[in-house]
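Numbers given in my numbering equal positions in the sequence shown, counted from 1, plus 69. For each residue, glycine too, the CB sits at the ideal point set by N, CA and C. The structure displayed is predicted, hence computed values, not measured ones. Quick notes on the structure that follows.
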Amino acid sequence: MRQAEVESEPMRRRILFCSVSAQWDNLGDIEIRQTLVDWVSEGERSVTVFVGTMPQSYIDAFAFSSNVRVVRSPIKFQVLLLRAILARRASIAFAPGPQLLGTQPKILAKTLANFANVTLVRLSGGHAIAVGRALRGSGRLAKAIERALVNKFAIYTVRDNASSSALGSALEMQPDLAFAHSGFASARKGLALISLRGDRKVDREMVKTAVEVLKGAGYDVKFVTQVKRDDNQHSELAYEFGLDAILWGSKSHLDQFDTIRAAYAEADIVISNRLHALILGIQHGAFPVAVVEPSADKLPTTLSPWIQLVSVPSVGSSAPVLETLLASGFQARKQTLSLDVDAARSRLHVLKSRVQEFL
70 MRQAEVESEP
80 MRRRILFCSV
90 SAQWDNLGDI
100 EIRQTLVDWV
110 SEGERSVTVF
120 VGTMPQSYID
130 AFAFSSNVRV
140 VRSPIKFQVL
150 LLRAILARRA
160 SIAFAPGPQL
170 LGTQPKILAK
180 TLANFANVTL
190 VRLSGGHAIA
200 VGRALRGSGR
210 LAKAIERALV
220 NKFAIYTVRD
230 NASSSALGSA
240 LEMQPDLAFA
250 HSGFASARKG
260 LALISLRGDR
270 KVDREMVKTA
280 VEVLKGAGYD
290 VKFVTQVKRD
300 DNQHSELAYE
310 FGLDAILWGS
320 KSHLDQFDTI
330 RAAYAEADIV
340 ISNRLHALIL
350 GIQHGAFPVA
360 VVEPSADKLP
370 TTLSPWIQLV
380 SVPSVGSSAP
390 VLETLLASGF
400 QARKQTLSLD
410 VDAARSRLHV
420 LKSRVQEFL
């Protein structure tokens, strides 16, 4: 929405400020931020969205409505926010996803800037909202600032059962925002998809045994990329194991989104150490199997509160878990998963209504 249009609105209408700037090559980041933007922009509410240095392909993957104003410059975004604060028309929403409570000057500066913006918004009569956060880190000053900041929010929710411990304060827990959406599921469910982080070494035994079990069960096994930096490793693994790979390549973000959604719709199982590969698979009716590493708690802490999580170790044979999963009761497990996902989605529907009450 252009400034002239904003200024012609009744003074009682507030402008909601938020950011969708994130990892430019991660479709999961787009998924959860799209949910937030959908919630706050519904009903022709005025929204100003910061995109920063995100490439145009990333921005084009969002379905922004006409009442959403996109701003690249951080200075311009801050000026617009301060103007709205002075006009007593500003509210602010913090993007979902991880936040590091560290000791680095850059992290502390961002935490202090957040504190200042929220304080000014609250003093002007506006509201601050944060949903789907995930807190990690041990910086004492950053934690102290964040604890003080939480008290200024009308709504502050986290997506896992580890954030409260990280902050040292009780926080409201709600499902990851990607659970808010459902997707189409094909009647043809013959695929088993594997999506693995490209920034971590992959244990070949884990992959080899998974492929053997899945092929033995009649599945067409493929690797799939929803974080572009995973492409190279997926290509190497596909060649090594004689499988196809659904790579990102030169496609736009939107085209790759369409590509992987079509694949998830035909998948019966998704095996991944990527959180949103699992949840996007769930959206389209696939059963998630988490690849869990001893040093990383993201998947179990985010998923276990809402679904009965099945996981394989990141090192060693994955055959025992997968054989047990597929041997008997698999359809019953899928039905239980569907009920769990419906419950998570219902919780987010209620959260959406609560968020909109403050806009």
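Pick out whichever of ALA211, LEU210, LEU181 and ARG228 has its Cα sitting closest to the Cα of VAL200. ARG228
Please tell me whether PRO244 has its Cβ less than 8 Å away from any Cβ of chain D. In the structure shown, chain D does not exist; there is a single protein chain.
Is GLY97 buried or exposed, if buried means 16 or more other CB atoms sit within 10 Å of its CB? buried
On the three-state DSSP scale, how would you describe MET275? helix
Bridge partner(s) assigned by DSSP for LEU169: Within the DSSP bridge table, the entry for LEU169 names ARG205 as partners.
Over what stretch of residues does the alpha helix (DSSP H) that includes ILE351 continue unbroken? 344 to 352
Distance between GLU100 and ALA217 (C-alpha atoms, nearest Å): 29 Å
From this set, ILE338, LEU349 and ILE263, which residue's C-alpha is nearest LEU316's C-alpha? Scanning ILE338, LEU349 and ILE263 for the CA closest to the CA of LEU316 turns up ILE263.
Assuming contact is defined by CB atoms lying nearer than 8 Å, are ALA211 and GLY171 in contact in what I supplied? Contact: yes.
Ignore the nearest five residues each way along the sequence and tell me which others in LYS320's own chain have a CB closer than 8 Å to its CB. THR328
Please state whether the Cβ-Cβ distance between GLN173 and PHE131 is less than 8 Å. No, the pair does not count as a contact, with Cβ atoms beyond the cut-off.
Give me whichever residues DSSP pairs with MET242 in a beta bridge. VAL227
Cβ contact check for the segment 341 to 349 and the segment 287 to 296: 3 or more pairs under 8 Å: yes
Nearest to GLU248 by CA position, among GLN425, LYS421, ILE338 and ASP272, is which residue? The sequence shown places Phe at residue 248, rather than the Glu named in the question. For PHE248, the nearest C-alpha among the options comes from LYS421.
State the DSSP-derived secondary structure class of GLU78, mapped to helix, strand or coil. Residue confidence for GLU78 is low, a pLDDT of 42 falling below 50, so the modelled location carries little weight and cannot support an answer.
Expressed to the nearest angstrom, what Euclidean distance is found between the alpha-carbon atoms of ALA213 and LEU323? 40 Å
For the beta strand (DSSP E) that VAL140 lies in, which residues bound it at each end? That run of the beta strand (DSSP E) goes 137 to 140.
Suppose you measure from the CA of HIS443 to the CA of PRO244; what does that come to, to the nearest Å? Lying before the first or after the last residue shown, residue 443 is absent from the chain, which here runs from 70 to 428.
What residue range is occupied by the uninterrupted alpha helix (DSSP H) comprising LYS320? From DSSP, LYS320 is part of no alpha helix (DSSP H); its letter is neither H nor E.
CB of ASP272 within 8 Å of CB of VAL384, strictly: yes
If you reduce the DSSP assignment to three classes, tell me which class LEU378 lands in. coil
Who are the near neighbours of LEU105 in its chain, counting only those whose CB is closer than 7 Å to its CB and skipping five residues on each side? CYS87, ALA162, ALA164, PRO165, VAL200 and LEU246
If VAL148 and VAL118 are in contact, beta carbons under 8 Å, what's the gap, nearest whole angstrom? Contact between VAL148 and VAL118 is absent: CB atoms are separated by about 15 Å, not below the 8 Å threshold.
Apart from the five residues on each side of it in sequence, which residues of its chain come closer than 7 Å, Cβ to Cβ, to LEU150? PHE86, ALA159 and ASN186
Have a look at the DSSP bridge pairing and note the partners of SER373. The partner list for SER373 (beta bridge, DSSP) is empty, contrary to what the question assumes.
Going straight from the alpha carbon of ILE376 to that of VAL116, what length do you get? 33 Å
Nearest to SER110 by CA position, among ALA396, SER134 and ALA286, is which residue? SER134
Pull up the CB-CB distance for LEU306 and VAL276, whole angstroms please, since I reckon it's below 8 Å. Yes, LEU306 and VAL276 are in contact; Cβ-Cβ is about 6 Å, under 8 Å.
Given 7 Å as the limit, tell me if LYS179 has its C-beta closer than that to any heavy atom belonging to the ligand GTP. This structure simply doesn't include the ligand GTP, nor any ligand for that matter.
Whole-Å CB distance - ARG191 paired with ALA182, under 8 Å assumed: Rounded, the Cβ-Cβ distance is 15 Å, inconsistent with contact.
Helix, strand or coil at PHE427 [DSSP, three-state]: coil
Tell me where the alpha helix (DSSP H) around PHE146 begins and ends. PHE146 -> alpha helix (DSSP H) spans 143 to 155.
The alpha helix (DSSP H) that contains ASP299, what's its start and end? It is not in any alpha helix (DSSP H) - ASP299 carries neither H nor E in the DSSP assignment.
Say whether the segment 229 to 243 touches the segment 119 to 127, bearing in mind that this needs 3 or more beta-carbon pairs closer than 8 Å, one atom from each stretch. no
Just to confirm before moving on: does the CB-CB distance between GLU113 and ASN95 stay below 8 Å? It is not a contact, given that the beta carbons lie outside the stated cut-off.
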